[in-house]
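Mapped onto our numbering, the consecutive letters of the sequence shown carry residue numbers 9 to 243.
Beta carbons are placed, not taken as given, at the ideal position from N, Cα and C, and that holds for glycine.
Below is one structure, written out as C-alpha coordinates; comments come after it.
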Amino acid sequence: MTGYKHAFRKAFPYTIPVLTGYLFIGIAFGVMYAEKGYSFLWAILMSLLVYAGSGQYLAVNFFTPGISFVQVIFMTLMVNIRHIFYGISLLDKFNQMGKKRWYMIFGLTDETYSLLCTTKIPEGVEEEKFLFAISIMNQSYWVIGSAIGGLAGSFLPFNSEGIDFAMTALFVVIFVEQWMDDKNRIPETIGVAAAFLCLQIFGADSFVLPSMLLIIMILFAGRRKLDEKEVAKCR
(Lines of atoms letter the chains of each structure in order from A and count residues from 1; the text may use other names and numbers.)
(Lines give C-alpha, C1' and ligand atoms only; values in the text may rest on other atoms or scores of the structure.)
Protein backbone atom coordinates (compact mmCIF):
# COMPACT_ATOMS: atom_id res chain seq x y z
CA MET A 1 0.00 0.00 0.00
CA THR A 2 3.05 2.23 -0.14
CA GLY A 3 2.14 5.42 -1.94
CA TYR A 4 -1.52 4.55 -2.49
CA LYS A 5 -2.86 6.79 0.29
CA HIS A 6 -0.92 9.68 -1.15
CA ALA A 7 -2.17 8.86 -4.67
CA PHE A 8 -5.82 8.71 -3.52
CA ARG A 9 -5.47 11.96 -1.61
CA LYS A 10 -3.98 13.72 -4.63
CA ALA A 11 -6.49 12.21 -7.08
CA PHE A 12 -9.65 12.99 -5.09
CA PRO A 13 -9.95 16.72 -5.99
CA TYR A 14 -9.87 15.83 -9.69
CA THR A 15 -12.74 13.37 -9.26
CA ILE A 16 -15.12 15.77 -7.48
CA PRO A 17 -17.01 16.67 -10.70
CA VAL A 18 -17.49 12.94 -11.37
CA LEU A 19 -18.57 12.46 -7.75
CA THR A 20 -21.38 14.99 -8.09
CA GLY A 21 -22.51 13.58 -11.44
CA TYR A 22 -22.24 9.89 -10.60
CA LEU A 23 -24.09 10.20 -7.30
CA PHE A 24 -27.14 11.71 -8.97
CA ILE A 25 -27.28 9.50 -12.05
CA GLY A 26 -26.43 6.47 -9.89
CA ILE A 27 -29.38 7.34 -7.65
CA ALA A 28 -31.57 7.65 -10.73
CA PHE A 29 -30.48 4.21 -11.91
CA GLY A 30 -31.12 2.69 -8.49
CA VAL A 31 -34.64 4.17 -8.37
CA MET A 32 -35.47 2.89 -11.85
CA TYR A 33 -34.13 -0.57 -10.99
CA ALA A 34 -36.10 -0.73 -7.74
CA GLU A 35 -39.29 0.20 -9.60
CA LYS A 36 -38.90 -3.00 -11.60
CA GLY A 37 -39.27 -4.88 -8.33
CA TYR A 38 -35.62 -5.80 -7.76
CA SER A 39 -33.77 -5.53 -4.48
CA PHE A 40 -31.30 -2.68 -4.03
CA LEU A 41 -28.65 -5.38 -3.59
CA TRP A 42 -29.03 -6.29 -7.25
CA ALA A 43 -28.52 -2.64 -8.22
CA ILE A 44 -25.30 -2.60 -6.19
CA LEU A 45 -24.12 -5.91 -7.68
CA MET A 46 -24.81 -4.68 -11.21
CA SER A 47 -22.83 -1.50 -10.58
CA LEU A 48 -19.95 -3.55 -9.20
CA LEU A 49 -19.82 -6.17 -11.96
CA VAL A 50 -21.23 -4.36 -15.01
CA TYR A 51 -20.46 -0.67 -14.36
CA ALA A 52 -21.60 0.53 -17.76
CA GLY A 53 -23.43 3.79 -17.08
CA SER A 54 -25.69 4.22 -20.08
CA GLY A 55 -25.55 0.45 -20.60
CA GLN A 56 -27.08 -0.06 -17.15
CA TYR A 57 -29.84 2.44 -17.91
CA LEU A 58 -30.54 0.51 -21.08
CA ALA A 59 -30.46 -2.78 -19.17
CA VAL A 60 -33.38 -1.69 -16.99
CA ASN A 61 -35.61 -2.21 -20.02
CA PHE A 62 -34.14 -5.64 -20.76
CA PHE A 63 -36.00 -7.23 -17.85
CA THR A 64 -39.29 -7.28 -19.74
CA PRO A 65 -40.97 -10.03 -21.79
CA GLY A 66 -40.13 -10.12 -25.48
CA ILE A 67 -36.48 -9.02 -25.22
CA SER A 68 -34.22 -11.73 -26.64
CA PHE A 69 -30.66 -12.47 -25.53
CA VAL A 70 -29.41 -11.52 -29.02
CA GLN A 71 -31.09 -8.12 -28.74
CA VAL A 72 -29.49 -7.58 -25.34
CA ILE A 73 -26.01 -8.34 -26.72
CA PHE A 74 -26.47 -6.19 -29.82
CA MET A 75 -27.91 -3.16 -28.02
CA THR A 76 -25.23 -3.31 -25.31
CA LEU A 77 -22.50 -3.53 -27.94
CA MET A 78 -23.88 -0.59 -29.90
CA VAL A 79 -24.22 1.60 -26.81
CA ASN A 80 -20.71 0.85 -25.51
CA ILE A 81 -18.73 0.35 -28.71
CA ARG A 82 -17.15 3.79 -28.30
CA HIS A 83 -14.98 2.23 -25.59
CA ILE A 84 -12.99 0.48 -28.31
CA PHE A 85 -11.62 3.85 -29.37
CA TYR A 86 -10.99 4.87 -25.76
CA GLY A 87 -8.98 1.71 -25.15
CA ILE A 88 -6.86 2.06 -28.28
CA SER A 89 -5.58 5.45 -27.17
CA LEU A 90 -4.62 4.15 -23.70
CA LEU A 91 -2.94 0.87 -24.62
CA ASP A 92 0.56 2.11 -23.85
CA LYS A 93 -0.40 3.42 -20.41
CA PHE A 94 -2.34 0.33 -19.41
CA ASN A 95 0.33 -2.11 -20.57
CA GLN A 96 2.72 -0.54 -18.09
CA MET A 97 0.37 -1.12 -15.14
CA GLY A 98 0.78 -4.89 -14.74
CA LYS A 99 -2.20 -6.77 -13.37
CA LYS A 100 -4.00 -3.52 -12.62
CA ARG A 101 -4.52 -3.04 -16.36
CA TRP A 102 -7.44 -5.51 -16.26
CA TYR A 103 -9.33 -3.32 -13.83
CA MET A 104 -8.36 -0.18 -15.74
CA ILE A 105 -9.89 -1.66 -18.89
CA PHE A 106 -13.04 -2.67 -16.99
CA GLY A 107 -13.40 0.75 -15.33
CA LEU A 108 -12.95 2.86 -18.46
CA THR A 109 -16.10 4.97 -18.52
CA ASP A 110 -16.56 8.23 -20.43
CA GLU A 111 -15.80 10.37 -17.39
CA THR A 112 -12.83 8.27 -16.30
CA TYR A 113 -11.39 8.35 -19.80
CA SER A 114 -11.68 12.13 -19.82
CA LEU A 115 -9.77 12.40 -16.53
CA LEU A 116 -7.09 9.89 -17.53
CA CYS A 117 -6.37 11.83 -20.70
CA THR A 118 -6.54 15.40 -19.41
CA THR A 119 -5.25 15.28 -15.83
CA LYS A 120 -1.60 16.08 -15.24
CA ILE A 121 0.09 13.76 -12.76
CA PRO A 122 0.99 15.75 -9.60
CA GLU A 123 4.62 15.81 -8.53
CA GLY A 124 5.64 13.09 -6.13
CA VAL A 125 2.91 10.65 -7.20
CA GLU A 126 3.45 7.50 -9.23
CA GLU A 127 1.45 7.68 -12.46
CA GLU A 128 0.01 4.16 -12.32
CA LYS A 129 -1.18 4.57 -8.73
CA PHE A 130 -2.69 7.97 -9.49
CA LEU A 131 -4.63 6.66 -12.51
CA PHE A 132 -5.72 3.58 -10.59
CA ALA A 133 -7.00 5.78 -7.75
CA ILE A 134 -9.09 7.82 -10.19
CA SER A 135 -10.72 4.70 -11.63
CA ILE A 136 -11.44 3.14 -8.22
CA MET A 137 -12.94 6.33 -6.78
CA ASN A 138 -15.13 6.95 -9.83
CA GLN A 139 -16.66 3.48 -9.62
CA SER A 140 -17.18 3.84 -5.87
CA TYR A 141 -19.25 7.00 -6.50
CA TRP A 142 -21.41 5.12 -8.99
CA VAL A 143 -21.91 2.17 -6.62
CA ILE A 144 -22.82 4.46 -3.70
CA GLY A 145 -25.32 6.35 -5.87
CA SER A 146 -26.88 3.07 -7.05
CA ALA A 147 -27.21 1.88 -3.45
CA ILE A 148 -28.86 5.10 -2.31
CA GLY A 149 -31.26 5.07 -5.27
CA GLY A 150 -32.07 1.38 -4.83
CA LEU A 151 -32.82 1.84 -1.13
CA ALA A 152 -34.89 4.97 -1.73
CA GLY A 153 -36.83 3.33 -4.54
CA SER A 154 -37.55 0.26 -2.39
CA PHE A 155 -38.89 2.11 0.65
CA LEU A 156 -40.17 5.46 -0.62
CA PRO A 157 -42.84 6.17 -3.27
CA PHE A 158 -41.31 7.68 -6.42
CA ASN A 159 -42.62 8.86 -9.74
CA SER A 160 -39.64 8.04 -11.93
CA GLU A 161 -41.09 9.47 -15.13
CA GLY A 162 -38.32 11.36 -16.90
CA ILE A 163 -35.65 10.38 -14.37
CA ASP A 164 -33.69 8.54 -17.07
CA PHE A 165 -32.99 11.95 -18.64
CA ALA A 166 -30.26 12.33 -16.02
CA MET A 167 -27.94 10.21 -18.18
CA THR A 168 -28.78 12.24 -21.28
CA ALA A 169 -28.04 15.44 -19.40
CA LEU A 170 -24.67 14.08 -18.27
CA PHE A 171 -23.72 13.16 -21.84
CA VAL A 172 -24.68 16.68 -22.99
CA VAL A 173 -22.40 18.16 -20.33
CA ILE A 174 -19.55 15.83 -21.36
CA PHE A 175 -20.07 16.72 -25.02
CA VAL A 176 -20.01 20.47 -24.35
CA GLU A 177 -16.90 20.13 -22.16
CA GLN A 178 -15.06 18.09 -24.79
CA TRP A 179 -16.16 20.50 -27.52
CA MET A 180 -14.81 23.47 -25.58
CA ASP A 181 -11.50 21.79 -24.64
CA ASP A 182 -10.70 19.83 -27.80
CA LYS A 183 -9.15 21.59 -30.79
CA ASN A 184 -9.86 18.57 -33.00
CA ARG A 185 -13.66 18.52 -33.21
CA ILE A 186 -13.96 16.10 -36.10
CA PRO A 187 -15.40 13.16 -34.07
CA GLU A 188 -17.97 15.42 -32.39
CA THR A 189 -18.97 16.92 -35.73
CA ILE A 190 -19.33 13.45 -37.27
CA GLY A 191 -21.54 12.36 -34.38
CA VAL A 192 -23.85 15.38 -34.57
CA ALA A 193 -24.13 15.25 -38.37
CA ALA A 194 -24.80 11.48 -38.46
CA ALA A 195 -27.41 11.72 -35.70
CA PHE A 196 -29.18 14.62 -37.42
CA LEU A 197 -29.18 12.83 -40.79
CA CYS A 198 -30.58 9.60 -39.34
CA LEU A 199 -33.16 11.53 -37.34
CA GLN A 200 -34.52 12.99 -40.57
CA ILE A 201 -34.52 9.63 -42.35
CA PHE A 202 -35.69 7.21 -39.63
CA GLY A 203 -37.59 9.46 -37.23
CA ALA A 204 -37.25 10.05 -33.49
CA ASP A 205 -38.23 6.50 -32.49
CA SER A 206 -35.76 4.63 -34.70
CA PHE A 207 -32.77 6.85 -35.43
CA VAL A 208 -30.44 5.80 -32.58
CA LEU A 209 -29.11 2.50 -33.96
CA PRO A 210 -28.73 3.70 -37.58
CA SER A 211 -26.90 6.82 -36.44
CA MET A 212 -24.53 4.79 -34.22
CA LEU A 213 -23.81 2.40 -37.09
CA LEU A 214 -23.14 5.32 -39.42
CA ILE A 215 -20.83 6.97 -36.88
CA ILE A 216 -18.92 3.71 -36.39
CA MET A 217 -18.52 3.21 -40.15
CA ILE A 218 -17.18 6.73 -40.62
CA LEU A 219 -14.83 6.49 -37.63
CA PHE A 220 -13.50 3.11 -38.74
CA ALA A 221 -12.91 4.51 -42.21
CA GLY A 222 -10.76 7.29 -40.74
CA ARG A 223 -9.57 5.46 -37.63
CA ARG A 224 -5.85 5.72 -38.40
CA LYS A 225 -5.76 9.51 -38.37
CA LEU A 226 -8.11 9.73 -35.39
CA ASP A 227 -6.11 7.16 -33.40
CA GLU A 228 -2.90 9.06 -34.00
CA LYS A 229 -4.44 12.26 -32.69
CA GLU A 230 -5.97 10.54 -29.64
CA VAL A 231 -2.71 8.82 -28.74
CA ALA A 232 -0.86 12.13 -29.02
CA LYS A 233 -3.50 13.74 -26.83
CA CYS A 234 -3.22 11.13 -24.05
CA ARG A 235 0.59 11.08 -23.89
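Using a Cβ distance threshold of 8 Å, Y46 and L123 do not count as a contacting pair. Assignment of M105 by DSSP, reduced to helix, strand and coil, places it in the coil class. Look at K13 here: in three-state DSSP terms it is helix. For F20 and S154, the gap between their C-alpha atoms comes out near 20 Å. Measuring C-alpha to C-alpha distances from L227 to each of G34, H91 and K13 identifies H91 as the nearest.
The alpha-carbon separation between A160 and L207 amounts to approximately 36 Å.
In this model, F93 and I223 are separated by some 12 Å (Cα to Cα). With a contact defined as Cβ atoms closer than 8 Å, G158 and I52 qualify at about 7 Å.
For E196, same chain residues with a beta-carbon under 6 Å away, outside a window of 5 residues either side, are W187 in chain order. Separation of E134 and A212 (C-alpha to C-alpha, rounded to the nearest whole angstrom) is 47 Å. Secondary structure at V80: helix, using DSSP grouped into helix, strand and coil. Each residue's CA atom was taken as its position, placing I35 and C125 some 27 Å apart. For A201, the enclosing alpha helix (DSSP H) begins and ends at I194 to F210. Distance check between K13 and each of V78, Y149, F140 and Y121 places F140 closest, using alpha-carbon atoms only. In this structure, the straight-line span from the alpha carbon of V184 to that of Q104 is close to 32 Å. The region 104 to 119 makes no contact with the region 73 to 88, as fewer than three CB pairs between them are under 8 Å.
Spatial neighbours of A203 in its own chain (CB-CB distance under 6 Å, excluding positions within 5 residues in sequence) are listed in chain order as S219. For D118, the enclosing alpha helix (DSSP H) covers residues D118 to T126. Taking the C-beta atoms as reference points, V87 is found nearer than 8 Å to L66. Of all alpha-carbon atoms in A60, S143 and E136, the one lying nearest the alpha-carbon of L27 is that of S143.
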